[in-house]
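Here the structure is laid out as C-alpha cells; the discussion comes afterwards.
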Amino acid sequence: MKKLTVLALLTLTAVTFTACQKKGETEPATQTAQNDTTADLETDSELETGSFTVNNTDDQNSTRETPNAQGQVHSYLTGALTDVNLAYKRPIAIMLNNIIDACPQAGIARAGIVYEAPVEGGLTRLMGIFEDYTDMEKIGSVRSCRDYYVRYALEFDAIYTHFGQAVYAFDLLNSDRVNNISGLEYQEKAGKLKGYAGEDIFYRSSDRPSPHNVYISAEGIEKAIEKKGYSTELADDYTGHYKFAKDGEEVTYTDGSAQHIEPAYQINKPWFDYNTEDKLYYRSQYKKEQIDQLTDEQLAYKNVIFQYSQIENYDDNGYLNIDTKSGGNAIVFSDGTYQKGTWKKDDEWGPAKYYDASGKEIVLNQGKTWVCIVPKNYESNVVIQ
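Per my numbering, the sequence shown runs over residues 4 to 388.
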C-alpha cells in the first residue's frame, strides 16, 4: 500500500546590541507612521491509523487526513491529534514584543510555534503562531512587522497580525499574497495598509507604557477576519511544514547530547534547559525564567530549532534584511539530543524543510516548537552542552 506522508506544520550580522530609539520612529497620535509605524526602543493512499497519510477522496489534489472516530486529525503545528475543525483552520501569526520592559508576554504559551529573530539594535522579536486561540482575551504585547516575519508566516498559510511595520515590509503586506491584520492604517509616504480593519481590533492596557501595551483578543481577530473577508480555512494544497513522529513514537538524534543550549543572541541572552522528567526544553532570557503572564509558568517546548541565516542591513537605521529563502545550516534539538543538518526551500514562498547529512528529512517529536533564526556568523558562538 503506497503511502504519502503528510508533513505537519510549523513556523530561525553581527549587529551592535544597543537598545536605543531610532530616527524616524515615533509613537503616532493618529493611525500614521514613518519607517516603522510604532515606536521601537529596540526593536492515492489509504488512512493508516496513527500515521500521517493522505486519504483517497474525490478530489485527487486533496491532502487532507481522514479524521479518526473522535473527529481528530494531526495538527500541522504540533503533530498531535487535534479536532479536525481546528486543525484545518488557518493559524494566526502574531508579532510579540520581546524587550525587557514588555515581558512577560501574555498568551505566548498557547502558540504551537514561536519564531525568534533579530531586529534592529540587536534585540530579538517574537512571532507566535496560534492554532487554538478562540477563548483568548489577551495576546501580546503586539509589535510591528518586519518583512522576514511575513515570509515565515506565509510558510504556514497564517493570517499575519501586527501593530505597525517597517517601511521595507509595506509592499509585501499590501500584496495579494498576504492576509494581514494591521493595527495602523497608514504608512507615511507609502499609503494605506490594506490589512487595517478599524480602531476596535486591538486595545491598550493600563499596566504598561506605550508602545508596550498593545494587545489583541480572539474577538478582535475574528472581527478583523470578517471585516477583511479572509478565508479561515487552510489552502487545499497546503501539506504542512514539518515531518512529525507517529503517535506513540519518540525520536532521538545521533549527533550528541543537548541538555543546555544557547542561540547566542547578545541582549536578551536566552537559553533552554532540558528537563529529563517531562522531556521538554525550558526557556529563559534576561537572566531569569521566561514565563507567560497569564499562567505565571515558564515556557517549555518539545523541539528547538536553530536556523542559520545570512543577515545584512537595509539601511543606516539598522533594519535587517534576513535571507529567508537560500537555505543554510540548521540544528534540531529534541529529547535532550541534537541533529545537525541543513534547511532548504523548494521555492521562495514554500516552507523551510530540515535535512540530515544523508539528505533525509529530520523528524520532529510531537509538541510545541521554538525556532531561533541565528545570524550565520554567530554559528561559532552557539552553546550546546
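A virtual CB, placed ideally from N, CA and C, is assigned to each residue, including glycine.
Take residue i and list the residues in its own chain whose beta-carbon comes closer than 8 angstroms to its own, dropping the five residues that flank it on each side.
| i | result |
| --- | --- |
| V386 | H263, I264, E265, A267, W274 |
| T257 | T340, Q342 |
| S287 | P273, W274, F275, D276, Q293, Q301 |
| Y206 | V217, Y218, I219, S220, G223 |
| R211 | D104, A105, S144 |
| V366 | K246, F247, A248, V254 |
| D61 | For D61, the predicted model reports a pLDDT of 37, less than 50, meaning its position is unreliable; a value from the coordinates is still stated below. Hits under 8 angstroms: none found. |
Can you tell which of the options has its C-alpha closest to the C-alpha of residue i?
| i | options | result |
| --- | --- | --- |
| A238 | D86, Q73, Q75, P94 | P94 |
| E382 | I334, A72, V374, Y151 | I334 |
| G125 | C106, K272, D150 | K272 |
| E191 | A169, L80, F205 | A169 |
| G243 | Q75, T81, G362, D210 | T81 |
| D104 | T345, I270, V307, S312 | I270 |
| E280 | V217, K305, K363 | K305 |
| T389 | Y118, K347, L99 | Given a span of 4 to 388 for the chain in the structure shown, any question on residue 389 remains unanswerable. |
| S220 | E315, Y136, D326, N100 | Y136 |
| F166 | R154, H215, R211 | H215 |
| A96 | Y245, C106, V87, I116 | I116 |
| G186 | M98, Q108, D210 | M98 |
| A355 | G370, K328, V366, N368 | K328 |
| S208 | R67, Q388, H77, Q108 | Q108 |
| E68 | D240, L367, C106 | D240 |
| D179 | K231, E222, Y206, R211 | K231 |
| A303 | Y206, N380, G370 | G370 |
| Y245 | S312, G353, D210 | G353 |
| K282 | N368, N380, S312 | N368 |
| N380 | V366, S312, R154 | S312 |
Can you find a heavy atom of the ligand FMN that lies under 6 angstroms from the Cβ of residue i?
| i | result |
| --- | --- |
| K328 | The ligand content of the structure shown is nil, which means the ligand FMN is not present either. |
Give me the Cβ distance between residue i and residue j, rounded to the nearest whole Å; I'm assuming they're in contact under 8 angstroms.
| i | j | result |
| --- | --- | --- |
| V254 | Q310 | About 19 angstroms; that fails the 8 angstroms criterion. |
| G331 | W346 | 6 angstroms |
| Y218 | S147 | Rounded, the Cβ-Cβ distance is 14 angstroms, inconsistent with contact. |
| A112 | D295 | 4 angstroms |
| E351 | Y357 | Wrong, their Cβ atoms sit about 18 angstroms apart, outside the cutoff. |
| E236 | K92 | 7 angstroms |
| D359 | G344 | 5 angstroms |
| I376 | A120 | 4 angstroms |
For residue i, I'd like the list of residues in its chain whose CB is within less than 6 angstroms of its CB, leaving aside the five on either flank, ordered along the chain.
| i | result |
| --- | --- |
| I182 | Here residue 182 turns out to be Asn, not Ile, going by the sequence shown. Once the five neighbours on either side are set aside, the close Cβ partners of N182 are I162, Y233. |
| A114 | G131, I132, F133 |
| Y152 | M130 |
| Y277 | Q262, Y284, G339 |
| A227 | I184, A200, I204 |
| Y289 | I103, N271 |
| A90 | V76, S78 |
| N101 | T127, R128, L129 |
| N384 | A267 |
Less than 7 angstroms between C-beta atoms, sequence neighbours within five positions excluded: which residues of the same chain meet that for residue i?
| i | result |
| --- | --- |
| Q75 | L84, T85, D86, V87 |
| K291 | none |
| R154 | T327 |
| A193 | V170, F173 |
| Q388 | Q262, H263 |
Are the C-beta atoms of residue i and some chain D residue less than 7 angstroms apart?
| i | result |
| --- | --- |
| Y304 | Absent here is chain D; the protein component of the structure consists of one chain. |
Is the stretch 287-301 in contact with the stretch 152-160, if contact means three or more CB pairs nearer than 8 angstroms?
no
Mind the definition here: the stretch 256-264 touches the stretch 333-341 only if three or more C-beta pairs lie below 8 angstroms; say whether that holds.
yes
Does the contact criterion of 3 or more C-beta pairs under 8 angstroms hold for the stretch 137-146 versus the stretch 321-338?
no
Could you name each continuous beta strand (DSSP E) segment of 3 residues or more that falls completely within the stretch 168-198, going from the start of the chain to the end?
183-185
Okay, do the stretch 172-182 and the stretch 240-256 touch, 3+ Cβ pairs below 8 angstroms being the bar?
no
Run through the stretch 314-384 for me and flag every whole beta strand (DSSP E) of 3 or more residues, listed as ranges in chain order.
314-316, 323-325, 331-337, 340-347, 356-358, 372-378
What are the complete beta strand (DSSP E) segments, minimum 3 residues, inside the stretch 218-285?
263-265, 274-278
Could you name each continuous beta strand (DSSP E) segment of 3 residues or more that falls completely within the stretch 132-159, going from the start of the chain to the end?
none
Inside the stretch 83-114 only - alpha helix (DSSP H) runs reaching at least 4 residues
87-90
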